[in-house]
Structures are given as structure tokens and as C-alpha cells.
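Numbering (our numbering), first residue to last: 490 to 791. Ideal Cβ positions, reconstructed from N, Cα and C, are used throughout, including at glycine. Predicted model, so just to flag it, every value in this text is computed and none were measured. Let me begin by presenting the structure, written as C-alpha cells, before commenting on it.
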């Protein structure tokens, strides 16, 4: 009976979510997080008591910050309209046709690091640690930490030992979800310096069904180690589809016009320190590369 009451309360609160979303600038970031958690999975680690605090008690209105947020979002809306009238991605048609390369992310200040999120197996009770800081001379991003494969003793978790870095999804005016349009390019270009460990590059795309929330496009890169930088070119056709760490039999090509985020994951089951230094992440158009998809597509029988 308690479960039914909790479920009905959540459904009634979610009915007004669209109205609440319009006034998100009037809410503090912690209040926005509470609202977003209502639409996430209800998974809870074993041994942790549930949080039964009503959501309305966690909401905190701040009029001054709300006014500043409204001004900010109307400014973003004005810029979006101007970019849309100018051309695709805010560039003229001539610029889009002649563009061969484009740097999407570079790390020159602490503000650039705010667009990224680090995570590790500590979310499931593991002991791995990961940090993201600026490199030497504040011109690179340094991802470093310690990997530990020790499994938490909760009676449920069987595997542990991963660290990851992921970019935040782009947001438009009034926190509208947006995506990157990379259809003008066909290759991902990275300038990195690792420690010899293999890393997995992840690309997240926009999905249309809830069953596809865990879909990722992956590709492995092998860092050389040592003091020298490494230029890595990965064609979009080399990325393979996976879901929750499992490679899918039904492979599909990556849609470069629906990109939401990019990330890096380390999980080579080797305990010890690690580091990955990133100079920039960009795109390029390689006219010599004509491959559409590098993997076999299975056709189902009618």
C-alpha cells in the first residue's frame, strides 16, 4: 500500500513537470536536481536506507538568482535565433562547405573543465579514484587517479574497477536539450598523451525510446606512454554499438548529426595509478576515407 501511495504521489508531481520546467531559472541547482531525479531509475545500493523526504521540502526559491537566470536564458534564446537565421550551427553556408577541421573542446581554463563530469566505481561502492585538473601551464586537461578492482562487499556487485570522463550534454535557452551536428565531418581527432593503458572512447547520441538510454558507440585507443604526444584519428565508421557494456548483434551506423556527449572510460583490470592528458578534441573531414561502416550488419529472417 505504501508503494502505491508513493507511486501516485510521484505521478501527480510529474504531471506538473512541464510547468515547473518553465520556472527552472527560479530554482537553485539543487532544486533542479531533485526534479530531475524523479525521472531517473529507482535503483538503490544494498544497505542504504531510502530517502523519504518529500520533494517539496528540498525546493528552495531564490528570487534574485531567478531574475538573473531569466536574463541569462533570454540572452541565450536571442543568440540561438541569430545563429539560426545566419545558417547551420551559426555559420554561413560558405563556411560550412569549406570547413575541413573544427576544434570542439579545448582546455585553457577552469571554466573549460566545468563542461565535463568524472565518475568511478565509487558510485557502486568501489574504491577507484579519479580527478580532473588542468595540466602544466594551464593548457591541457589532466585526468588522473587510481584504479582498484576490489569488489564491494554488498552481496550483489560482482565486478568493479572503472573510471570515466564525460562531457555534459549541450543545453539551450531555458535548459532545452540540444545536440551537436557533426554531419559535415567524418573523423574524430584527438591529441592526447597517456601512460600506455588502453582507453575506450564513447559517443552518446540522441535516442527516441527509453530502451535506448544505455546505448553507446565505442572505440578503443591504445596510448603509447612516455613524454610524447599522440595524434589519434578515429573515423565515425569505426565506432561500434553497445548497450550496458555488451556489444550488440544488430549494429547500426553512428548518426553524426545527433551527438549529445563524448567520454573516455578506463577499465583494463590493472590496479594502480593512471593518467591521461588531453590537449584538444576536434573533428576533421577526410575526403580519402569513403568507408560507411566497418562492421557486418546482420539481417533478420522474415
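Cα atoms of residue 685 and residue 762: separation of roughly 12 Å, rounded to the nearest angstrom. Annotation for residue 735: no residue places its beta carbon closer than 7 Å to its own, counting only its chain and skipping 5 residues before and after.
Here residue 556 carries a helix assignment [DSSP, helix/strand/coil].
In the structure shown, the three-state DSSP call for residue 573 is helix. Sequence-distant partners of residue 610 (beyond 5 residues in either direction) whose C-beta falls short of 7 Å from its own C-beta, in its chain, are 617, 649, 650, 651. Here residue 590 is near residue 772, since their CB atoms are less than 8 Å apart. Between residue 741 and the set 603, 597, 784, the nearest pair of CA atoms involves 784. Counting along the chain, the unbroken beta strand (DSSP E) around residue 691 starts and ends at 687–694.
In the three-state scheme derived from DSSP, where H, G and I count as helix and E and B as strand, residue 774 is classed as coil. Here DSSP, grouped into helix, strand and coil, assigns residue 591 to strand. Between residue 679 and residue 770, the C-beta spacing is below 8 Å. The C-alpha of residue 781 is placed about 43 Å away from the C-alpha of residue 641. Its chain contains 670, 671, 672, 674, 675, 725 as the residues whose beta carbon lies nearer than 8 Å to that of residue 745, once the 5 sequence neighbours on both sides are disregarded; these appear in chain order. Closest by C-alpha distance to residue 702, out of 731, 552, 645, is 731.
A straight line joining the alpha-carbon of residue 647 with that of residue 562 spans about 45 Å. For residue 602, the enclosing alpha helix (DSSP H) starts and ends at 599–602. Ranked by Cα distance from residue 751, the options 713, 779, 715, 706 are led by 706. Selection 570, 758, 551, 600 evaluated against residue 623 yields 600 as nearest (Cα-Cα). Closest option to residue 712, judged by alpha-carbon separation, among 539, 695, 697, 690: 690.
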